[in-house]
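Colleague: Could you have a look at this structure, given as structure tokens, before my questions?
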Amino acid sequence: MKGPAEMTFKPRHRFINLAQSVLLLAGMGAIGWVALNAIVGPDLALAIVLGSLGGLLLAPGMSKQILIRAYRARRLTGRDFPEGLAILGELARRAGLPRVPELYYIPSALPNAFAMGNPEDSVVCVSDGLLRLLNRRELAGVLAHEIAHVANRDLWIMGLADAMSRAVSLASWFGQVILLLNLPLILMGAAYVPWEVPLLLIFSPTIMALLQLALSRTREYDADLGGARLSGDPEGLASALLKLERSAGRFWEEMILPGRRIPVPSLLRTHPPTEERVRRLRALEAPRRPPHPETALRVPQAGRVEAPRFGPWGVWR
């Protein structure tokens, strides 16, 4: 049987994912600099870029604690969830992380898992709904996916993309206000505005947002491949993705349009289509026997489990 590090990967997949990420980040950087330079000038543009990067360096430690409190998550110990911590520790060792991520439990019925931080200091959060939905084999695949995000520093990369996108949006808003205030002078011919400036004001935030979404989908593909390598069981992650897709489909149909599926344009997805992710995972050569059994998990008890609800920023928890 092949071990996790010996699984066969197609180099073409890795190269395409890396090339797409580099090109998308480079494209966002180029568009961001052109837009900022044209709207606010080179000096202020440089200040915005440096300020965004500085804030990004400080953000991971701050946002981690804020999100943990917002989700009312609690840290799991070996007494609470020994099998989950054992799986997470083994995956972190295979990934070569200097420190095993902390595992947090979210008392929410909505199936969800996400990671925060960097390889030196990270956390992985899993919800009650996720643990009740998946078996041990599928949980190992999901945790491996999140560990791959941490090992690849995807969280920092997506933070950088988000900072660039927000900077361009802020500059665009500022530029539109200035343009509106000077509109009478422009109409009277007392002021001149190059034709490309209004186009940048209108389209640059949208282009940046679309590139950011495309980058997110690319990093998800890479985390799928990396997670399959770490767990040695791509079918475990594929099975978990299919379960999550069915669960999410039912949830949205009940909350928004009962009995109907809502197609989401591929350009507006933060994650790739589940069917394509599963197809890529099943194309990998995997061991005949899964490293983790398909047995039910012992879900930690953490008081009252809350149903998904609407908050100020949409559905959460």
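Numbering (this note's numbering), first residue to last: -15 to 301. C-beta: ideal position from N, C-alpha, C; glycine also. These figures come from a predicted structure and were not determined experimentally.
Give me, in chain order, the residues of the same chain whose beta-carbon lies closer than 6 Å to that of Leu185; leave out the 5 immediate sequence neighbours on both sides.
Modeller: Locating residue 185 in the sequence shown gives position 201, where the first residue counts as 1. If we look at Leu185 and ignore the five residues flanking it on each side, its Cβ neighbours are Ser156, Gly159, Gln160.
Colleague: Identify whether Phe98 lies in helix, strand or coil by the three-state DSSP scheme.
Modeller: For the purposes of this step, residue 98 is identified with residue 114 of the sequence shown, where counting begins at 1. In this structure, Phe98 counts as strand in the three-state DSSP scheme.
Colleague: Spell out the partners DSSP gives Leu87 in its beta bridges.
Modeller: As a working note, residue 87 is residue 103 in the sequence shown. Answer is Val108, bridged to Leu87.
Colleague: Would Ile15 and Ala151 qualify as a contact pair, given that the criterion is a beta-carbon distance under 8 Å?
Modeller: As a first step, residue 15 must be located in the sequence shown, where it is residue number 31. As a first step, residue 151 must be located in the sequence shown, where it is residue number 167. No.
Colleague: Figure out for me which residue from Tyr88, Pro275, Arg77, Thr258 has the closest Cα to the Cα of Leu51.
Modeller: Counting from one through the sequence shown, the residue named residue 51 turns up at place 67. Out of Tyr88, Pro275, Arg77, Thr258, Tyr88 has the C-alpha closest to the C-alpha of Leu51.
Colleague: Between which residues of its own chain and Leu7 is the CB-CB distance below 6 Å, once the five residues before and five after are set aside?
Modeller: Translated into positions along the sequence shown, residue 7 becomes position 23. So the list is empty, once near-sequence residues are dropped.
Colleague: Closest to Pro274 by CA distance: which of Arg121, Met100, Asp64 is it?
Modeller: On the sequence shown, residue 274 is found 290 positions in, with the first residue counted as 1. Answer by Cα proximity: Arg121.
Colleague: How about Ala212 and Leu265: do their beta carbons lie closer than 8 Å?
Modeller: For the purposes of this step, residue 212 is identified with residue 228 of the sequence shown, where counting begins at 1. For the purposes of this step, residue 265 is identified with residue 281 of the sequence shown, where counting begins at 1. Closer than 8 Å, so yes.
Colleague: Taking the straight line between their C-alpha atoms, what separation do you get for Leu34 and Leu144?
Modeller: Stepping through the sequence shown from its first residue, residue 34 is reached at position 50. Stepping through the sequence shown from its first residue, residue 144 is reached at position 160. Approximately 12 Å between the Cα atoms of the pair.
Colleague: Our contact map puts Leu123 next to Gly68 with C-beta atoms below 8 Å; I'd like the distance itself, whole angstroms only.
Modeller: Numbered from 1 along the sequence shown, position 139 holds the residue referred to as residue 123. Numbered from 1 along the sequence shown, position 84 holds the residue referred to as residue 68. Sure, about 7 Å apart at Cβ, within 8 Å.
Colleague: Between Val283 and Gly80, what straight-line distance do the alpha-carbon atoms span, to the nearest angstrom?
Modeller: As a working mapping, residue 283 is identified with position 299 in the sequence shown. As a working mapping, residue 80 is identified with position 96 in the sequence shown. C-alpha separation (whole angstroms): 28 Å.
Colleague: Are the Cβ atoms of Ala97 and Gly113 separated by less than 8 Å?
Modeller: Mapped onto the sequence shown, residue 97 falls at position 113. Mapped onto the sequence shown, residue 113 falls at position 129. No, they are not a contact pair.
Colleague: Should Pro178 be labelled buried (16 or more other beta-carbon atoms within 10 Å of its own) or exposed?
Modeller: As a first step, residue 178 is located in the sequence shown; it is residue number 194 there, counting from the start. It counts as exposed.
Colleague: Please report how far the alpha carbon of Ser200 lies from the alpha carbon of Thr61, in whole angstroms.
Modeller: As a working note, residue 200 is residue 216 in the sequence shown. As a working note, residue 61 is residue 77 in the sequence shown. Cα to Cα, Ser200 sits roughly 31 Å from Thr61.
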